[in-house]
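**Q**
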Ligand code: F0G
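Numbering (my numbering), first residue to last: 371 to 835.
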């Protein structure tokens, strides 16, 4: 096939704001050199996250008007419940206001201090919610999943030998749950194969462990399976997704990603007693079990989004648009996690800025440079996000990545070409970028609110020739 075009036309537009370099310098300093603290007004292309930032379809906006705002038993919940059950096959569907609420409810209902949760790589809020219960969040992605330049079709796969050795060993009794994050966001948006999901299921059966999917990007994962896994090419993304869910005991979902909605999430499972426990907790903080912190219209938008997200034309365009940006970066010699992820391109900041040590946050240096050069907002996934341990000590994270997450259906190819142009300018000056030090930070999830200070200029090499 030739050019893959956006499989939609645009009905509503929103102006972009352009800023001067002086304005960006002032805005960044005011934000404590943390782009999370910028006003979105001061950002031109916002690649901070693909979460809740996508464009809804006309059918979703239309569905909003169908919202039934009854406190209990609303028609919108019935639609939501039937779409989620058709897709996942799980018996109990518990709406939540977003993914992390589902995490808190599931972990508070299942974990005891000292327990271990195993995942390919926990996302930051998932890890924080596990640790908040006094349990340990352990990452056992396959070793290749931590090598940015290593090409493998399913770099999000669980390291099965490592998983089995924990389950079989002394610590096995402490493992409360095994999870797979599809796609593996913190490891570069890399997919997990069906074969790996089946193998994790088999190990969980052998050792009597519960197995949950963190399913935020299940449709992107299903598309990769369709493209890359032997024997899957003729199945629809929905059929593949249904099999993925059928292998788990339940799932956590942020509908802000593959729900194609601006807010929402759910928790789904088969276990009746656990579902009851989760619903009791839901009522305490989220709401009645038929709305769980969402408006009836949100439930409608998510139900429609879950139908649209498994469309082949959408997924082909979605995955191709990320690959397009990745190809441009590679062509200009910007090191990235390969192959391209499903929702983002992850630049290897450690390789691009080898002169900045991990504890001087090369990812922050790159993020801030992309903003200063062109008003692009991206996100560090490195030592600032993962380097601080619950006991307060800090170590380098396994990888120093900068994620350029592409919101769904939001930007066109020329926006992406602009990002490429700015990245080229950053690459030119990369040797001169400086590290940062943290001036203030909270004890958990520090990347959201920490403030930084640029370190003094590194010595400029003098040409004596
Ligand atoms: N799990 C994964 C894999 C995620 O990527 C996220 C959110 C969550 C759970 C939590 O969901 O935001 O709805 O509470 N990821 C966003 C991101 C924030 O930018 O990657 P949430």
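From the three backbone atoms N, C-alpha and C, an ideal C-beta is built for every residue, glycine too.
Starting from residue 838, trace the beta strand (DSSP E) both ways and give me its first and last residue.
**A** There is simply no residue 838 to check, as the chain begins at 371 and stops at 835 in what is shown.
**Q** Do residue 789 and residue 716 come within 8 angstroms of each other at the CB atom, strictly closer than that value?
**A** Mapped onto the chain shown, residue 716 falls at position 346. Mapped onto the chain shown, residue 789 falls at position 419. Result no, Cβ atoms of residue 716 and residue 789 do not sit closer than 8 angstroms.
**Q** Could you tell me which of 590, 815, 603 sits nearest to residue 714, measuring between CA atoms?
**A** For the purposes of this step, residue 714 is taken as residue 344 along the chain shown, with counting starting at 1. The residue with the shortest Cα to Cα distance from residue 714 is 590.
**Q** Contact between the segment 642 to 650 and the segment 455 to 475 is defined here as three or more beta-carbon pairs at a separation below 8 angstroms; is this criterion met?
**A** The segment 642 to 650 vs the segment 455 to 475: in contact.
**Q** Looking only at C-alpha atoms, which of 672, 606, 709, 583 sits nearest to residue 557?
**A** Translated into positions along the chain shown, residue 557 becomes position 187. Out of 672, 606, 709, 583, 709 has the C-alpha closest to the C-alpha of residue 557.
**Q** Can you tell me which of the three DSSP states residue 462 falls into?
**A** Here residue 462 refers to the residue found at position 92 when the chain shown is read from its first residue. In the structure shown, residue 462 sits in a strand (DSSP, three-state: E or B).
**Q** Would residue 584 count as contacting chain C if we go by Cβ distances under 8 angstroms?
**A** Structure shown: chain C not included; a single protein chain is present.
**Q** Assuming residue 582 and residue 552 are in contact, meaning their beta carbons sit under 8 angstroms apart, how far apart are those beta carbons, in whole angstroms?
**A** Within the chain shown, residue 582 is the residue found at index 212, counting from 1. Within the chain shown, residue 552 is the residue found at index 182, counting from 1. So it is not a contact: roughly 11 angstroms between Cβ atoms.
**Q** Does the contact criterion of 3 or more C-beta pairs under 8 angstroms hold for the segment 426 to 434 versus the segment 620 to 637?
**A** Yes: the two stretches touch, three or more of their Cβ pairs being nearer than 8 angstroms.
**Q** Are three or more beta carbon pairs between the segment 468 to 479 and the segment 614 to 623 nearer than 8 angstroms?
**A** Touching, yes, given that three or more Cβ pairs across the two stretches are closer than 8 angstroms.
**Q** What's the call for residue 430, buried or exposed, on a 16-neighbour Cβ count within 10 Å?
**A** Position 60 of the chain shown, counted from the first residue, corresponds to residue 430. It counts as buried.
**Q** Give me the Cβ distance between residue 740 and residue 792, rounded to the nearest whole Å; I'm assuming they're in contact under 8 angstroms.
**A** As a working mapping, residue 740 is identified with position 370 in the chain shown. As a working mapping, residue 792 is identified with position 422 in the chain shown. Yes, residue 740 and residue 792 are in contact; Cβ-Cβ is about 6 angstroms, under 8 angstroms.
**Q** Could you check what DSSP says for residue 382 in three-state terms: helix, strand or coil?
**A** Counting from one through the chain shown, the residue named residue 382 turns up at place 12. Of the three classes helix, strand and coil, the one that applies to residue 382 here is coil, per DSSP.
**Q** State buried or exposed for residue 652, treating a residue as buried only when at least 16 other CB atoms are found within 10 Å of its CB.
**A** Locating residue 652 in the chain shown gives position 282, counting from the first residue. Per the 10 Å Cβ criterion, buried.
**Q** Alpha carbon to alpha carbon, how far is residue 554 from residue 393?
**A** By one-based count along the chain shown, residue 554 stands at place 184. By one-based count along the chain shown, residue 393 stands at place 23. Cα to Cα, the separation comes out at about 36 angstroms.
**Q** Among the residues of its own chain, which have a CB less than 8 angstroms from the CB of residue 536, if the five just before and after it don't count?
**A** To locate residue 536, count along the chain shown from 1; it is residue 166. Within the same chain, residue 536 has close Cβ partners 486, 488, 508, 510, 542, 545.
**Q** Between residue 767 and residue 522, what straight-line distance do the alpha-carbon atoms span, to the nearest angstrom?
**A** Indexing the chain shown from 1 puts residue 767 at position 397. Indexing the chain shown from 1 puts residue 522 at position 152. So the alpha carbons of these two residues sit roughly 22 angstroms apart.
**Q** Does the Cβ-Cβ distance between residue 444 and residue 660 come in under 8 angstroms?
**A** Stepping through the chain shown from its first residue, residue 444 is reached at position 74. Stepping through the chain shown from its first residue, residue 660 is reached at position 290. For residue 444 and residue 660, yes; Cβs fall inside 8 angstroms.
**Q** Pick helix, strand or coil for residue 486, following the three-state DSSP scheme.
**A** The sequence position of residue 486 within the chain shown is 116, counting from 1. Residue 486: strand per DSSP, three-state reduction.
**Q** Indicate whether the contact test is met: 3 or more Cβ pairs, each with one atom in the segment 681 to 695 and one in the segment 496 to 505, closer than 8 angstroms.
**A** Judged by Cβ distances under 8 angstroms, the segment 681 to 695 makes no contact with the segment 496 to 505, as fewer than three pairs qualify.
**Q** Can you give me the start and stop residues for the alpha helix (DSSP H) that residue 751 sits inside?
**A** In the chain shown, counting from the first residue as 1, residue 751 sits at position 381. It is not in any alpha helix (DSSP H) - residue 751 instead sits in the beta strand (DSSP E) that spans 749 to 751.
**Q** Please confirm if the segment 792 to 804 is in contact with the segment 729 to 740, defined as three or more CB-CB distances below 8 angstroms between the two stretches.
**A** With a cut-off of 8 angstroms, the segment 729 to 740 and the segment 792 to 804 count as touching, because enough Cβ pairs lie within range.
**Q** Thinking just about the alpha-carbon of each residue, which of 492, 410, 467, 720 is nearest to the one in residue 658?
**A** Numbered from 1 along the chain shown, position 288 holds the residue referred to as residue 658. Checking every option, the nearest Cα to that of residue 658 belongs to 467.
**Q** Would a C-beta distance cut-off of 8 angstroms place residue 579 and residue 547 closer than the cut-off?
**A** Residue mapping note: residue 579 aligns to position 209 of the chain shown, counting from 1. Residue mapping note: residue 547 aligns to position 177 of the chain shown, counting from 1. In contact: residue 579 and residue 547 (Cβ atoms closer than 8 angstroms).
**Q** If we count the other Cβ atoms within 10 Å of its Cβ and call it buried at 16 or more, is residue 655 buried or exposed?
**A** Here residue 655 is taken as the residue at index 285 of the chain shown, counted from 1. Result: exposed.
**Q** Any heavy atom of the ligand F0G closer than 7 angstroms to the beta-carbon of residue 748?
**A** Locating residue 748 in the chain shown gives position 378, where the first residue counts as 1. Result no, Cβ not under 7 angstroms from the ligand F0G.
**Q** Out of curiosity, what's the CA-to-CA distance linking residue 592 and residue 577?
**A** Against the chain shown, residue 592 aligns to sequence position 222. Against the chain shown, residue 577 aligns to sequence position 207. Answer to the nearest angstrom: the Cα atoms are 27 angstroms apart.
**Q** Taking 7 angstroms as the limit between beta carbons, can you name the residues of its chain near residue 748, skipping five residues before and five after?
**A** Here residue 748 corresponds to residue number 378 of the chain shown, with the count starting at 1. Correct list, in chain order: 417, 418, 737, 740, 772, 773, 774.
**Q** Would you call residue 403 buried or exposed, if buried means 16 or more other Cβ atoms sit within 10 Å of its Cβ?
**A** Locating residue 403 in the chain shown gives position 33, counting from the first residue. Its Cβ being crowded by 16 or more others within 10 Å, residue 403 is buried.
**Q** Return yes when at least one heavy atom of the ligand F0G lies under 7 angstroms from the C-beta of residue 635, else no.
**A** One-based indexing of the chain shown puts residue 635 at position 265. Yes, Cβ of residue 635 sits closer than 7 angstroms to a heavy atom of the ligand F0G.
**Q** Taking C-alpha atoms, which residue in 757, 801, 787, 676 lies nearest to residue 811?
**A** Your numbering for residue 811 matches position 441 in the chain shown. Checked all of 757, 801, 787, 676; the closest Cα to residue 811 is 757.
**Q** Any idea if residue 744 is buried or exposed, counting beta-carbon neighbours within 10 angstroms, 16 or more meaning buried?
**A** As a first step, residue 744 must be located in the chain shown, where it is residue number 374. Classification for residue 744: buried.
**Q** Residue 771 bridges to which residues according to DSSP?
**A** Numbered from its first residue, the chain shown carries residue 771 at position 401. Residue 771 is bridged to 718, 751.
**Q** In whole angstroms, give me the CA-to-CA distance for residue 829 and residue 512.
**A** Taking the first residue of the chain shown as 1, we reach residue 829 at position 459. Taking the first residue of the chain shown as 1, we reach residue 512 at position 142. Because the pLDDT of residue 829 is 47, which lies under 50, any placement of that residue in the model is unreliable, and the number read from its coordinates should be weighed accordingly. If you take the alpha carbons of residue 829 and residue 512, they lie about 39 angstroms apart.
**Q** Run through the DSSP bridge pairs and tell me what residue 582 is partnered with.
**A** Counted from its first residue, the chain shown places residue 582 at position 212. Residue 582 is bridged to 549, 620.
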